[in-house]
Structure formats: C-alpha cells, structure tokens
Amino acid sequence: MSDVPSSSFATTLRKIRGRTISVLTRVQHVTGPVISVFVVVHLAAPLAANFGGSPLSSQVMLLGREYYQRFEPLAVFAPLALHLAASILKRILIGKPPAPTMLALTGYSAAFLVLPHLVTHRLTPKLFASPADVDYELPKFLLHHFPLRSALLYSLLTGVVLMHAGEGAALIARRATGKRILPRTPTRIVCSAVAVTAMAGVLVMYRERSWIYDARDALYADVLAEVPFYSASATIAR
C-alpha cells in the first residue's frame, strides 16, 4: 500500500511537468512572431542601404524607432526574455537532451550573439549620446575601424537570427495546420538570401566615406571605450 501514494505523487509530477512544457511551448510560439516583427523592422535599414546607402538606412531606422523604441520594454526586451527563458526551462524539464536541431542551434547561438550587438548599439550609446547622435554612422564607424570584428559579428548574428526565425515559422505553421506549408529547404534558401542581401547593404556602408564631424567621431570612440568587445582597441579609433 505504501507504493500507491508514491506512484500517485509521481503521476501528478509527470502531469505538472507535461502541462508546464505545454505552457512553455505556447510562450515560445507567441513570443516568436513578436520578435520576428522586430527583426524585420530592424533589418529593413541595412537592406535599404543597397538602394540608398547609409543615409537611407538611417531614415528607415528612424521610422523603425517609432515602432520599437516607444514600446521597447514590451515590444523587444520582454518577448526576448520570455522566449529565451521558456526555451531554457523547457530544455531542463525535458531532461535528456535530444539530438541538436537547426532550430535549437541557431536559437542559442542567436542568444549568445545578440549580447555584444545590444551592448554596442543600444545600451552603451544610451549612456553617452542622445538618440539623434546614434544612426547608421555608428555601424559605419565600427566597420571602418574594426572591419573584421564588426563584419563577423554582423554576419553571424544576421545569419543565425534569420535561420532561427525561418525554422521557427515552419514549426509553428506545421503545428497550427498539420501540414508542412513551409518546406525546410526553400525556407532556408529564402532566409539565406535575405541575410546575404542585408550583408551586401553592410558592405555598401563599409565602402562609403564617413559623414560625421570630429565631435561625433570622438563620441563614438568614447562609446566603444566602454564596450568590452572593443575597449581594448578603442584608442585606435580615436
């Protein structure tokens, strides 16, 4: 008889675990599209550089700011935090790690790569400069003074984020409809094409001359001096 309560308790735990995993999956599926909207808005600027260089990119970025900076905590940071937390907790609850998938590999890689991007382009400039001083001249400044490092970070982040978004969209669509309406190979080709086009825009900006004055140049150097990924070399940029 003593085994009955123990068995009942184990069954209850399994039910709670299953329901929790189901809730976490819903959190992933709800926050994923919200993050994807932000990614589309954010990537519109480097894509625009293919047609009008950094001036057009800065104008597109200013339009995008109306969307995500006004509601940044709710539109960007909260979905990102919830998506990542749900993914980690779900992985812990599942227990034995399954074979790595493209969705998981790109997701955790994106979480790792977004940190230097966020610190360099958002958090640190916010401490030193007004929003009017931070446009696409900052990425251009990074590309001119730290070309290999910056190009590597931009290309890796863009590639893994787009691939993760594509894999996630295909999974959500398949579970919602019961059909594979977003085939894997075409989806990956489209995501890769968008990533390459965005990086072509970055190349356009790299080839442009700088349009900033000495005061803005010094401001960007001061910003980079506080960024761990660039601080050791920031004196070169001054």
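Going left to right, the sequence shown walks through residues 792 to 1029 as the numbering used here numbers them. Don't be surprised by glycine CBs; every beta carbon is placed ideally from N, CA and C.
Check this for me: beta carbons of residue i and residue j, under 8 Å apart or not?
i, j, result
"ALA986", "LEU973", "no"
"PRO938", "LEU929", "no"
"LEU948", "LEU1015", "no"
"MET996", "TYR927", "yes"
"ALA877", "VAL818", "yes"
"LYS881", "LEU815", "yes"
"MET852", "ALA836", "yes"
"ALA866", "TYR859", "yes"
"ALA901", "HIS955", "yes"
"PHE919", "ASP1013", "yes"
"GLU753", "LEU894", "Outside the shown range of the chain (792 to 1029) lies residue 753, about which nothing can therefore be said."
Locate the alpha helix (DSSP H) running through residue i, then write down its first and last residues.
i, result
"THR988", "975-998"
"ASP1013", "1005-1016"
"ARG965", "938-968"
"LEU896", "893-909"
"PRO916", "915-919"
"HIS912", "Careful: HIS912 lies outside any alpha helix (DSSP H) and carries neither H nor E."
"LEU865", "Per DSSP, LEU865 belongs to no alpha helix (DSSP H) and is neither H nor E."
"ALA877", "869-885"
Could you tell me which of the options sits nearest to residue i, measuring between CA atoms?
i, options, result
"ALA960", "ALA901, THR822, ALA835, TYR1021", "THR822"
"GLY809", "VAL981, GLU999, LEU884", "LEU884"
"LEU994", "GLU857, ILE980, ALA942", "ALA942"
"ILE753", "ALA1006, GLY969, GLY898", "Only positions 792 to 1029 of the chain appear in this structure, which leaves residue 753 out of reach."
"ARG924", "VAL830, GLY950, ALA1006, PHE800", "The sequence shown places Asp at residue 924, not Arg. Measuring from the Cα of ASP924, the nearest candidate turns out to be ALA1006."
"VAL831", "GLY969, SER845, LEU854, LYS887", "LEU854"
"ASP1008", "LYS970, CYS982, HIS936, GLU958", "HIS936"
"GLY886", "ILE812, PHE800, SER849", "ILE812"
Give the straight-line distance between the Cα atoms of residue i and residue j, rounded to the nearest whole angstrom.
i, j, result
"VAL896", "SER1001", "Looking at the sequence itself, residue 896 is Leu, so the reference to Val does not match. Going by the C-alpha atoms only, they are around 37 Å apart."
"SER798", "HIS874", "33 Å"
"ALA967", "HIS820", "10 Å"
"ALA989", "LEU838", "5 Å"
"PRO977", "PRO891", "21 Å"
"GLU1017", "LEU934", "18 Å"
"TYR1011", "LEU953", "28 Å"
"LEU804", "LEU909", "39 Å"
"TYR1021", "GLY950", "22 Å"
"ILE807", "GLY969", "26 Å"
"GLY844", "CYS982", "22 Å"
"PRO846", "GLY992", "12 Å"
"THR911", "ARG940", "12 Å"
"ASN841", "ARG971", "33 Å"
Chain D beta carbons: is any one of them nearer than 8 Å to that of residue i?
i, result
"TYR1011", "Within the model displayed, chain D is absent; a lone protein chain is all it includes."
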